[in-house]
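J.:
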Amino acid sequence: MAVPLFATSLAPYMERIAERVTSVAESGRYILGPEVQAFEREFADFCGARHCVGVGNGTDAITIALRAVGVEPGDEVVVPSFTFYASAEAIANMGAKPVFCDIDPHTFCVTRETVERAMTDATRAIVSVDLFGRLAPDLRELGVPVVEDSAQAHGARRDGRRAGTNGAAGTFSFFPSKNLGGLGDGGAIVTDDDEVAERARRLRFHGSTDKSTFTEVGYNSRLDALQAAVLRLLLSDLDGWNEARREVARAYARNGLGDVDGIELPEWEDEEHVFHLYVIRTERADELLSKLTDREVGARAYYRRPVHEQPAMDGFPPAVELPGTAEAARTHLALPMGPLLDERAIAEVIDACASG
Ligand SMILES: Cc1ncc(COP(=O)(O)O)c(C=O)c1O
Numbered sequence: 276m277a278v279p280l281f282a283t284s285l286a287p288y289m290e291r292i293a294e295r296v297t298s299v300a301e302s303g304r305y306i307l308g309p310e311v312q313a314f315e316r317e318f319a320d321f322c323g324a325r326h327c328v329g330v331g332n333g334t335d336a337i338t339i340a341l342r343a344v345g346v347e348p349g350d351e352v353v354v355p356s357f358t359f360y361a362s363a364e365a366i367a368n369m370g371a372k373p374v375f376c377d378i379d380p381h382t383f384c385v386t387r388e389t390v391e392r393a394m395t396d397a398t399r400a401i402v403s404v405d406l407f408g409r410l411a412p413d414l415r416e417l418g419v420p421v422v423e424d425s426a427q428a429h430g431a432r433r434d435g436r437r438a439g440t441n442g443a444a445g446t447f448s449f450f451p452s453k454n455l456g457g458l459g460d461g462g463a464i465v466t467d468d469d470e471v472a473e474r475a476r477r478l479r480f481h482g483s484t485d486k487s488t489f490t491e492v493g494y495n496s497r498l499d500a501l502q503a504a505v506l507r508l509l510l511s512d513l514d515g516w517n518e519a520r521r522e523v524a525r526a527y528a529r530n531g532l533g534d535v536d537g538i539e540l541p542e543w544e545d546e547e548h549v550f551h552l553y554v555i556r557t558e559r560a561d562e563l564l565s566k567l568t569d570r571e572v573g574a575r576a577y578y579r580r581p582v583h584e585q586p587a588m589d590g591f592p593p594a595v596e597l598p599g600t601a602e603a604a605r606t607h608l609a610l611p612m613g614p615l616l617d618e619r620a621i622a623e624v625i626d627a628c629a630s631g
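Take the position in the sequence shown, starting the count at 1, then add 275; the result is the number in this note's numbering.
(1) Please state the DSSP three-state secondary structure of T466.
(2) Which residues have their C-beta within less than 6 Å of a heavy atom of ligand 1, listed in chain order?
(3) Around the Cβ of P348, are there at least 16 other Cβ atoms within 10 angstroms (buried) or fewer (exposed)?
(4) Measure the Cβ-Cβ separation of M289 and V353 and say whether it is below 8 Å.
(5) With a CB to CB cut of under 8 Å and the five nearest residues on each side skipped, what residues in its chain are close to G599?
(6) Can you grab the Cα-Cα spacing for the pair G418 / N441, in whole Å?
(7) Measure the alpha-carbon distance for G323 versus A622 and round it to whole angstroms.
(8) DSSP three-state label for Y360, please.
(9) Measure the Cβ-Cβ separation of L540 and G531 and say whether it is below 8 Å.
(10) Find the nearest neighbour of D396 within the set R477, A293, D350 and F383, judged by alpha-carbon distance.
(11) Tell me whether V554 sits in a helix, a strand or coil according to DSSP, three-state version.
(12) Going by the DSSP bridge assignment, what does I401 pair with across the sheet?
(13) Could you give the DSSP three-state label for P373: helix, strand or coil?
(14) Going by DSSP, what residues sit across from N495 in a beta bridge?
(15) Here's a check: name, in chain order, each residue in its chain whose Cβ is nearer than 8 Å to the Cβ of P279, leaving out the five neighbours to either side.
(16) To which residues of the same chain is A526 closer than 6 Å at the C-beta, ignoring the five residues directly before and after it?
(17) If we count the other Cβ atoms within 10 Å of its Cβ and call it buried at 16 or more, is K486 buried or exposed?
(18) Using 8 Å as the Cβ pair cut-off and three pairs as the minimum, do the stretch 570–585 and the stretch 508–523 touch?
(19) Just how far apart, CA to CA, sit I401 and V505?
(20) Between N517 and the rest of its own chain, which residues show a CB-CB distance below 7 Å, the 5 nearest in sequence each way excluded?
(21) Which residue comes first and which comes last in the alpha helix (DSSP H) that contains F489?
(22) Once you ignore the five residues that flank L564 on each side, which residues in its own chain have a CB closer than 8 Å to its CB?
(23) Verify whether the separation of the beta carbon atoms of Q502 and L552 is less than 8 Å.
(24) For the pair the stretch 466–486 and the stretch 334–345, tell me if three or more CB-CB distances fall below 8 Å.
(25) According to DSSP, is S565 part of a helix, a strand, or is it coil?
(26) Starting from the C-beta of D460, find all residues in its chain whose C-beta is less than 7 Å away, skip the five residues before and the five after it, and write them out in chain order.
(27) Which residues mark the beginning and the end of the beta strand (DSSP E) in which F447 is found?
(28) Mind checking who G329 pairs with in its DSSP beta bridge?
(29) Tell me whether P287 is buried or exposed, calling it buried when 16 or more other Cβ atoms sit within 10 Å of its Cβ.
(30) Between A304 and A500, which are expected to be in contact by the criterion C-beta below 8 Å, what is the C-beta distance as a whole number of angstroms?
(31) Please name the residue, chosen from R291, E602, A629 and F447, that lies closest to R580 on a Cα-to-Cα basis.
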């Protein structure tokens with residue numbers, strides 16, 4: 276039995292999506308306008324933030340958030356190397372310097388200590404990443420603004436605080452495969468800070484608030500009205516879908532995946548994790564990957580080559596050792612996950628991991 280890596284589907288929404296797309300098309304309001312405003316209000320409320328600013332994608336969200344919290348070209352910004360490349364690219368894109376820090380290979384996230392080790396007198400911000408759906412620790416006491424890259428963690432919650440609200444600003448991607456994904460690219464910045472929100476709004480629109488005076492060089496990066504209309508529909512079910520993902524993680528544990536030789540299950544606390552991906556640790560990751568691929572069970576090692584080893588980052592060699600990053604890069608493997616993964620599919624994945 277084939278099992279896809281992403282067990283999710285928009286099929287139950289298709290009719291309503293078609294209605295909303297038609298309604299936006301008929302309205303003639305395609306850029307910003309009422310759908311985007313409504314989504315921004317609803318997503319801010321969902322996150323428990325005062326403001327949400329819709330932008331073109333999750334990469335621009337980080338770049339714009341960094342500028343909005345005051346980072347300038349030449350400044351150092353600490354960022355984990357074990358993440359999707361865009362977390363660091365967004366820093367370099369605005370002329371700042373990514374300074375790579377290590378992670379805890381058990382959680383795949385930074386720790387306060389790994390961040391502190393990479394900080395210098397020139398550190399002006401931290402990009403923390405809620406990787407694979409798990410919240411990074413609270414770093415607000417470290418004395419510089421934190422931009423929380425929550426592209427993989429929409430809705431994750433700790434002590435009542437949602438992903439995106441554990442810093443000066445939080446950033447999201449609505450890339451189709453995300454826990455809240457649209458029909459194309461999209462992104463957002465959330466913040467409680469009025470000035471950060473106002474500057475982000477200006478930066479996403481060429482550095483202008485009135486379309487005729489351009490006060491700083493910005494970007495053309497706006498969330499589309501069509502995406503906003505679809506995201507509003509999906510947002511209302513997000514907590515339910517996230518809970519279904521956690522239930523899949525519980526089923527993997529209940530049905531014995533952790534008893535398979537050499538497999539370590541993800542560590543997690545309830546609601547801190549929204550399982551964008553279900554990532555195990557194993558020293559035999561490559562062998563397991565080829566075995567699962569042969570059985571048509573979706574599996575993928577996402578970040579075998581961490582960001583600091585990517586050719587484009589040659590100019591930013593890390594100043595600290597990154598042993599946790601190396602370990603995670605070698606041992607991580609994503610297995611099928613999604614709210615629609617049923618017991619049969621879960622049994623098939625576990626059987627495929629245990630066989631041979
Ligand atoms: C952790 C992380 N940061 C940033 C991004 C960038 O988002 P986007 O593809 O919308 O630019 C992604 C997703 O692709 C991501 O997973």
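Don't be surprised by glycine CBs; every beta carbon is placed ideally from N, CA and C.
T.: In terms of the structure at hand:
(1) Here residue 466 refers to the residue found at position 191 of the sequence shown. Three-state result, T466: strand.
(2) N332, G333, T334, T358, F359, A361, S362, V404, D424, A426, Q427, S448, F450, D460 and G462
(3) Counted from its first residue, the sequence shown places residue 348 at position 73. By the 10 Å Cβ count, P348 comes out exposed.
(4) The residue given as residue 289 occupies position 14 in the sequence shown. The residue given as residue 353 occupies position 78 in the sequence shown. Their beta carbons are not under 8 Å apart, which means M289 does not touch V353 by this criterion.
(5) Within the sequence shown, numbered from 1, the residue matching residue 599 stands at position 324. Counting only Cβ-Cβ distances below 8 Å, and skipping sequence neighbours, we find F357, D377, I378, D379, P380 and T389.
(6) Within the sequence shown, the letter at position 143 stands for residue 418. Within the sequence shown, the letter at position 166 stands for residue 441. Those two C-alpha atoms are separated by around 14 Å.
(7) The residue labelled residue 323 in the question sits at position 48 within the sequence shown. The residue labelled residue 622 in the question sits at position 347 within the sequence shown. Distance between the alpha carbons of G323 and A622: 37 Å.
(8) Translated into positions along the sequence shown, residue 360 becomes position 85. Correct three-state label for Y360: coil.
(9) What you label residue 540 is simply residue 265 of the sequence shown in a count that begins at 1. What you label residue 531 is simply residue 256 of the sequence shown in a count that begins at 1. No, the pair does not count as a contact, with Cβ atoms beyond the cut-off.
(10) The residue you call residue 396 lines up with position 121 of the sequence shown. Comparing Cα-Cα distances from D396 to each of R477, A293, D350 and F383, the minimum goes to D350.
(11) As a position in the sequence shown, residue 554 is number 279, starting the count at 1. In the structure shown, V554 sits in a strand (DSSP, three-state: E or B).
(12) For this step, residue 401 is matched to residue 126 along the sequence shown. Per DSSP, V353 and V421.
(13) Counted from its first residue, the sequence shown places residue 373 at position 98. Three-state DSSP puts P373 in a strand.
(14) Locating residue 495 in the sequence shown gives position 220, where the first residue counts as 1. Looking at the DSSP assignment, N495 forms a beta bridge with F480.
(15) Residue numbering aside, residue 279 sits at position 4 when the sequence shown is read from its first letter. For P279, where only same-chain residues beyond five positions count, the Cβ hits under 8 Å are G573, P611 and G613.
(16) The residue labelled residue 526 in the question sits at position 251 within the sequence shown. Closer than 6 Å at the Cβ level, and outside the excluded window around A526, lie I621.
(17) For the purposes of this step, residue 486 is taken as residue 211 along the sequence shown, with counting starting at 1. By the neighbour-count rule (16 or more Cβ atoms within 10 Å), K486 is not buried but exposed.
(18) no
(19) Within the sequence shown, residue 401 is the residue found at index 126, counting from 1. Within the sequence shown, residue 505 is the residue found at index 230, counting from 1. Distance between the alpha carbons of I401 and V505: 32 Å.
(20) Position 242 of the sequence shown, counting from 1, holds the residue named residue 517. Same-chain partners within the cutoff: G430, N454 and V549.
(21) As a working note, residue 489 is residue 214 in the sequence shown. From DSSP, F489 is part of no alpha helix (DSSP H); its letter is neither H nor E.
(22) By one-based count along the sequence shown, residue 564 stands at place 289. Closer than 8 Å at Cβ, skipping near neighbours: A574, R575, A576 and L608.
(23) Residue mapping note: residue 502 aligns to position 227 of the sequence shown, counting from 1. Residue mapping note: residue 552 aligns to position 277 of the sequence shown, counting from 1. It is not a contact, given that the beta carbons lie outside the stated cut-off.
(24) yes
(25) Against the sequence shown, residue 565 aligns to sequence position 290. The answer is helix: DSSP assigns S565 an H, G or I state.
(26) Along the sequence shown, read from residue 1 onward, the residue named residue 460 stands at position 185. These residues qualify, in order along the chain: G331, N332 and F450.
(27) Indexing the sequence shown from 1 puts residue 447 at position 172. That run of the beta strand (DSSP E) goes A444 to S448.
(28) Translated into positions along the sequence shown, residue 329 becomes position 54. A463, per the DSSP bridge assignment.
(29) Numbered from its first residue, the sequence shown carries residue 287 at position 12. Flag for P287 reads exposed.
(30) The count along the sequence shown starts at 1 and reaches residue 304 at position 29. The count along the sequence shown starts at 1 and reaches residue 500 at position 225. Reading off the sequence, residue 304 comes out as Arg, not Ala. Sure, about 6 Å apart at Cβ, within 8 Å.
(31) The residue you call residue 580 lines up with position 305 of the sequence shown. Answer by Cα proximity: E602.
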